[in-house]
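Going by my numbering, the final residue of the sequence shown carries number 309, and the count climbs one at a time with no gaps.
Note that beta-carbon positions come from the ideal geometry of N, C-alpha and C, so glycine has one too.
Taking it in order: structure first as structure tokens, then the write-up.
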Amino acid sequence: MATPTPTPTPTPTPTTLTGEPGRLTTLLRAALPAVPGVNRLPGVRKGPASAFAGLAYARDAVVVERDRVDAYAAVCGFPRRDVVPVSFPHLLAFPLHMAIMGDPAFPYPAIGMVHVENTITAHRAIGVGETLDVTTSVAILRPHARGVLLDFTTTVSAGDETAWESTSTYLRRGRSVDGDPAPGLEVPDPPAGGVEWRLPGDLGRTYAAVSGDANPIHLYPLTARALGFPRQIAHGMWTLARSVAAIENRLPDAVTVEVAFKKPVLLPGTVRYAARQDDPGWAFALTNPKDGSPHLLGRTSAA
7 MATPTPTPTP
17 TPTPTTLTGE
27 PGRLTTLLRA
37 ALPAVPGVNR
47 LPGVRKGPAS
57 AFAGLAYARD
67 AVVVERDRVD
77 AYAAVCGFPR
87 RDVVPVSFPH
97 LLAFPLHMAI
107 MGDPAFPYPA
117 IGMVHVENTI
127 TAHRAIGVGE
137 TLDVTTSVAI
147 LRPHARGVLL
157 DFTTTVSAGD
167 ETAWESTSTY
177 LRRGRSVDGD
187 PAPGLEVPDP
197 PAGGVEWRLP
207 GDLGRTYAAV
217 SGDANPIHLY
227 PLTARALGFP
237 RQIAHGMWTL
247 ARSVAAIENR
257 LPDAVTVEVA
267 FKKPVLLPGT
277 VRYAARQDDP
287 GWAFALTNPK
297 DGSPHLLGRT
307 SAA
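Printed below as a string of structure tokens:
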């Protein structure tokens with residue numbers, strides 16, 4: 007008997023956010039389900055993971071503002087240009103990530119979600135001043151050896167044209183779901199050597215100011231220790247952006263960037279960056295200079 011073809015999971019109808027989402031309000035809504043007692047209140051209480059069928063949120067007519075692009079470029083090491091850095095549109099999608107995590111139908115609080123992989127595909131350069139529509143959706147849970155994976159898929163479009171796409175994969179530790187875990191991103195023979203970067207203790211706060219991602223693990227030693235870290239850690243998306251900035255002038259406008267986030271970068275701290283041009287594109291790595299253990303492994307290819 008032939009094996010039946012699986013039915014594709016339908017994409018949920020997106021909920022549209024109007025205006026500029028409030029950063030603090032959105033973060034609090036996403037974090038409250040982690041607070042004992044509060045997490046039982048109506049509108050905060052989470053539904054069961056077994057019932058989760060996906061969610062989608064959208065922002066329409068988002069203007070790419072010069073001041074924000076320049077601030078982001080300065081923090082992440084990109085030059086000032088009339089087109090945005092390849093990783094910048096993630097900032098336009100981040101409020102949608104938080105809105106999804108804050109939705110009562112989403113089965114987990116934002117606190118405890120671990121960003122493990124990110125794939126970006128830029129189909130063309132996006133100009134400063136463009137008006138864009140942004141949609142983020144998350145599908146059903148995927149199995150992982152340590153819990154479940156959730157893929158937040160973002161599409162940035164100008165009219166009917168898709169200009170940029172990304173998938174941010176988060177791990178939620180705990181009980182898994184049925185199925186065989188898919189292999190994660192692998193970068194064989196990552197580049198060695200390279201240069202050292204000294205990162206200041208306030209880097210998390212600086213990046214939070216331009217990105218809107220004010221997760222307490224990135225801000226101060228006290229807030230990071232409350233969540234299990236010895237001191238504050240750098241944002242994974244900053245490590246991606248800074249790594250890409252080092253080779254951006256050698257990348258095409260239409261490009262795919264894939265990264266796996268490994269060990270967190272403690273702040274203040276020193277990391278080593280290395281990149282190597284391979285046949286399909288570039289391979290790069292951010293490592294601990296003391297023992298060579300990876301913080302981030304990545305690669306690029308033409309889109």
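Asked: What did DSSP end up calling P300 once you bin it into helix, strand or coil?; Found: strand
Asked: Just to confirm, is the Cβ distance from P270 to G207 under 7 Å?; Found: no
Asked: Could you say which of M107, P149, P101 and D109 lies nearest to A188 if we only look at CA atoms?; Found: P149
Asked: State the DSSP-derived secondary structure class of E254, mapped to helix, strand or coil.; Found: helix
Asked: Would you mind giving the Cβ-Cβ distance between L177 and T245, rounded to the nearest angstrom? I have them listed as a contact below 8 Å.; Found: Between T245 and L177 the Cβ distance is about 17 Å, and since that is not below 8 Å, they are no contact.
Asked: Against chain B, does R211 count as a neighbour if the rule is that its beta carbon must be under 7 Å from one of theirs?; Found: Protein chains in the displayed structure number just one, and chain B is not present.
Asked: Where are the beta strand (DSSP E) runs, 3 residues long or more, that stay fully inside the segment 223-301, in chain order?; Found: 261-267, 275-283 and 288-293
Asked: Going by C-alpha distance, which of S56, D139 and R87 is nearest T24?; Found: D139
Asked: Rounded to the nearest angstrom, what separates D88 and T137 at their Cα positions?; Found: 14 Å
Asked: Rounded to a whole number of angstroms, what is the C-alpha to C-alpha distance between S182 and S174?; Found: 19 Å
Asked: Taking Cβ positions, are F58 and D219 nearer each other than 7 Å?; Found: no
Asked: Under the assumption that V92 contacts V70 (Cβ atoms under 8 Å), give the Cβ distance between them as a whole number of angstroms.; Found: That belief does not hold up - the Cβ atoms of V92 and V70 are roughly 13 Å apart, past 8 Å.
Asked: Can you give me the Cβ contacts of T17 inside the same chain, cut-off strictly under 6 Å, excluding the 5 residues immediately before and after it?; Found: S143
Asked: Who does A313 pair with in a DSSP beta bridge?; Found: Nothing in the structure corresponds to residue 313, since the chain is present only between 7 and 309.
Asked: Could you pull the DSSP bridge partners for F158 from this structure?; Found: V144 and S174
Asked: Label A67 either buried or exposed according to how many other C-beta atoms from any shown protein chain fall within 10 Å of its C-beta, with 16 as the threshold for buried.; Found: exposed
Asked: Ignore the nearest five residues each way along the sequence and tell me which others in M7's own chain have a CB closer than 6 Å to its CB.; Found: Model confidence at M7 stands at a pLDDT of 40, short of 50, so the residue's coordinates are unreliable; what they give is reported in the following sentence. Taken in chain order, the list of residues that qualify is empty.
Asked: Would you mind stating whether W203 and V134 have Cβ atoms separated by less than 7 Å?; Found: no
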